[in-house]
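For the sequence shown, the positions run 108 to 335 when my numbering is used.
Here's the structure we're looking at; comments come further down.
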Amino acid sequence: MVTAEVINRVLFVKVADYGSATVVDVDGRQYLVTAKHLLRGESEVSSIKFYFNGKWENLNVKIVGVARGGADIAVFATDTILCPSSLPLMVGNKDMVLSQDVYFLGYPFKLSTDGGAALQGRPCPFVKKGIWSSLFDDGTGDYKLYIDAINNEGFSGGPIVFKVSGTNKFSLAGIVSKYRTEHGSVVCEEGNSTGWTVEYNTGLTIGTDISEAVKIINQNPIGLLLPI
């Protein structure tokens, strides 16, 4: 099952759009990573909202960087420690094996459950499970994770994690971006085509490799220093 070091790193946020965000520690500094499409193209963001103690609170942020091209990643630095260093989460997917179970977390359709004292006022995210189907460059120069699992609106920006073989530790493999859609024909009662189509969820969740966030962080390491 997904453990505390993962659950405590998921936030219900509103940038320009609602979604999820993931707390990431790199080289002793803390960052908040989400899907860049939640910014709706905004280049100047000094605060975002996150759900805390049953209401929306402001969180001061600085943009560390936003990925270019098809990589759906935005990285923020904050002025508040969002997850204690006593709950470390490994970062990277080099130990992930094709077809193994993975999990992703977030707040679909703005839903959540009460996290109680364990989450110190933050709502508990939903958890979904899938199978890692593929990792490849679809021609944009950015590697994407493909997961056999139904994704829903609101998971964008949440973490994709896996259990490292032979351990009880989880590692952060990527960030939820979207799901693949296709269009199907609409037919009438007689089975004849109406000429209309409907978009549907194919059941393939698409995530951005966490290395894209690490690349941004290494270029501009301004995250809040974690207490020693």
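Beta carbons are placed, not taken as given, at the ideal position from N, Cα and C, and that holds for glycine.
These numbers come from a predicted model, not from an experiment.
For the pair residue 169 and residue 150, the Cα-to-Cα distance works out to about 11 Å. Here residue 283 is near residue 258, since their CB atoms are less than 8 Å apart. Straight-line spacing of the CA atoms in residue 287 and residue 319 works out to 20 Å. In terms of CA proximity to residue 209, 276 leads the group 230, 276, 123, 140.
Membership of residue 325 in the alpha helix (DSSP H) is indicated by the continuous run 318 to 326. Using a Cβ distance threshold of 8 Å, residue 229 and residue 311 do not count as a contacting pair.
The criterion of a C-beta distance shorter than 8 Å is not satisfied by residue 291 and residue 252.
Taking a contact to require three or more Cβ pairs closer than 8 Å, the region 110 to 129 and the region 185 to 204 qualify as touching. Between the beta-carbon of residue 330 and that of residue 120 there is about 17 Å, and that puts the pair past the 8 Å contact cut. Burial of residue 137 is indicated by the presence of at least 16 other C-beta atoms within 10 angstroms of its C-beta. Judged by DSSP secondary structure, residue 329 falls outside any alpha helix (DSSP H); it is assigned neither H nor E. Taking a cut-off of 8 Å on C-beta distances, the region 290 to 306 does not touch the region 266 to 273, as fewer than three cross pairs fall below it. With fewer than 16 other Cβ atoms inside 10 Å of its own Cβ, residue 303 counts as exposed. Between the C-alpha atoms of residue 131 and residue 198 there is a straight-line separation of about 8 Å.
A straight-line Cα-Cα distance of about 18 Å links residue 317 and residue 255. Only residues of its own chain outside the window of five on either side were considered, and among them 128, 181, 264 have a CB closer than 6 Å to the CB of residue 141, listed in chain order. Residue 323 is a Cβ neighbour of residue 172, given a cutoff of 8 Å.
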